[in-house]
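Report on the following structure.
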Amino acid sequence: MKPLQPLLFQQAHVFERLNQARATLDGLVSLSSELGFARWSNKDDRTAYQRPEHHTLSVYLSGGYQTKRVLGGQLVEGGAPDKICLMPAGHESQWQVDGDLAFVHLYFSEQSLRDEIERVWDKDARDLSLQELTFADDPAISSLVQQWLLRLNWSDKADFLALQQVGQLLLNHIAKQYSSRPLAPLELKAGLAPFQLQRCKDYIEAHLADNISLQHLAALVGLSEYHFARMFKQSCGLSPHRYVSERRVALAKQLLRLADLSLSEIAYQSGFSSQAHFSARFKQLTGYSPKAYREALA
């Protein structure tokens, strides 16, 4: 029996159809109750989706050359790495997977899309709908997935903030490019006010060992996640994820001075879910492994 998944994925029709088929689930992360990623691989399979209640963005990672969609009794070809498919809520589709295929799905609800449009563009989104895409090209989406999403550790809370940022960027791009009504380009406002930036920094310092979400940081200053991420970077010079990573490493440097703490304990207290990920991030930002840094202090 396959393990029970978080509620978001239990309720996602496309996810459940794949979970019951031959597809192999290679990773998943729930960003909220209405937004999440799943990574799949599949081979020689037949799948049909019947009017799901959620939207699905599919991005091909490798293979897919022999994947086809059945439309009107005809087989539509065009699958390949970096191709995208956008399957709106309520759509129906049949897929024929021959050969190997690896892909990422972003599942998001209609409500999450409406809320984002209303927060970011200040527009009533009740009459908007999404286009349906099959084997389309979108360099912005493929770049976000290949260069950012796949390089993050989906199971480590230290990368959760960055995962939320990628999800937010994808959601905004989809809304802007593929909604039924054009949405004007967003104008960046000035950065955060000094008191807003300090409020965020104080919260981050107090919660370095916890899951720090983009949604909560944005709520501290009354902004949408989209605007907050950009205004924070304008004010601080770093993205929220990079800033939090640097503060966690700074905390780890202090803890490494304490000889009675193991590296695994320091990783946990600094907000990393594993010693391996802690070591990799520490070396990335300092040029030293935690062990080498501690030895240099001695």
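Sequential numbering of the sequence shown, starting at 11, is according to the working numbering.
Glycine included, every Cβ here is placed at the ideal spot set by N, Cα and C.
Small disclaimer: the values here were computed from a predicted structure and weren't measured.
Residue from the options whose Cα sits closest to the Cα of residue i
i: R267; options: T296, L307, K243 and A260; result: L307
i: S5; options: A168, Y59, L265 and Q175; result: With the chain covering only 11 through 308, there is no way to say anything about residue 5.
i: R129; options: R209, R252, F238 and S274; result: F238
i: R56; options: A99, S223, K78 and L116; result: K78
i: L171; options: S152, E235, Q141 and K293; result: E235
i: G65; options: V254, R209, L116 and D220; result: What sits at residue 65 in the sequence shown is His, not Gly. Residue L116 is the option with its Cα nearest to H65.
i: N221; options: E102, S40 and M97; result: S40
i: Q206; options: Y59, L227 and H183; result: L227
Per DSSP, cross-strand counterpart(s) of residue i
i: W164; result: DSSP, once it has assigned bridges, lists no residue as partnering W164.
i: C95; result: S68
i: K78; result: Q106
i: G337; result: No information on residue 337 is available, as it lies outside the stretch 11 to 308 that the chain covers here.
C-alpha gap between residue i and residue j, whole angstroms
i: R191; j: E126; result: 15 Å
i: I94; j: V86; result: 14 Å
i: Y70; j: L111; result: 7 Å
i: S119; j: Q30; result: 21 Å
i: S272; j: F242; result: 34 Å
i: L180; j: L154; result: 8 Å
i: G82; j: V114; result: 26 Å
i: R49; j: A269; result: 40 Å
i: L230; j: R32; result: 44 Å
i: D108; j: P91; result: 15 Å
i: R291; j: G297; result: 10 Å
i: D169; j: I214; result: 14 Å
i: L162; j: L173; result: 7 Å
i: D166; j: K133; result: 35 Å
i: R61; j: A22; result: 11 Å
i: S152; j: G100; result: 25 Å
i: D147; j: K301; result: 45 Å
Residue i in three-state terms, based on DSSP
i: A290; result: helix
i: E26; result: helix
i: N182; result: helix
i: S153; result: helix
i: S272; result: coil
i: Q84; result: strand
i: A277; result: helix
i: H115; result: strand
i: L45; result: strand
i: G232; result: coil
- Task: Could I get the ranges of all uninterrupted alpha helix (DSSP H) runs contained in the segment 188-215, with 4 residues as the minimum, in chain order?
- Result: none
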